[in-house]
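Peer 1:
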Amino acid sequence: MPNRIKDFFSPAGNLGKAKGYESRPGQAKMAEKVAEVIEAKSHLVVEAGTGTGKSLAYLVPAAYAAEELGKKAIISTYTIHLQEQL
């Protein structure tokens, strides 16, 4: 799965082709790490500032993992505002 994530966030990938997309290296690195820990059934703590792209960095690997494993991904947020954003 990490290769799929790397491809998705690359300039030639699905996200890179989106209108107005701006490459965020920290976002891509976080997404790759999230994918790695999902595969390893491990844990990860990430601290990243506003504008890093944290939401997509965990949603994309979670969606790919859910698709590959035939399972659901559950995302829990602290606020209703963030639920509405996602």
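When the sequence shown is numbered by the numbering used here, its final residue is 858 and no position is left out of the sequence of numbers. Glycine included, each C-beta is placed from N, C-alpha and C at the ideal position.
1. With a CB to CB cut of under 7 Å and the five nearest residues on each side skipped, what residues in its chain are close to residue 855?
2. For residue 809, collect the residues of the same chain with a Cβ closer than 8 Å to its Cβ; drop the 5 residues on either side in sequence, then sort them by chain order.
3. Roughly how many whole angstroms lie between the Cα atoms of residue 797 and residue 844?
4. For a quick check, are the C-beta atoms of residue 790 and residue 830 less than 9 Å apart?
5. For residue 774, collect the residues of the same chain with a Cβ closer than 7 Å to its Cβ; drop the 5 residues on either side in sequence, then sort them by chain order.
6. Taking C-alpha atoms, which residue in 776, 777 and 834 lies nearest to residue 813?
Peer 2: The structure says:
1. Around residue 855, the same chain offers 849 as residues with beta carbons nearer than 7 Å, after the five sequence neighbours per side are excluded.
2. Hits under 8 Å: 815 and 816.
3. Rounded to whole angstroms, residue 797 and residue 844 show a C-alpha spacing of 28 Å.
4. For residue 790 and residue 830, no; Cβs fall outside 9 Å.
5. Excluding five sequence positions before and after residue 774, the CB atoms of its chain that fall closer than 7 Å to its own CB belong to 804, 807 and 808, given in chain order.
6. It is 834 whose Cα lies nearest to the Cα of residue 813.
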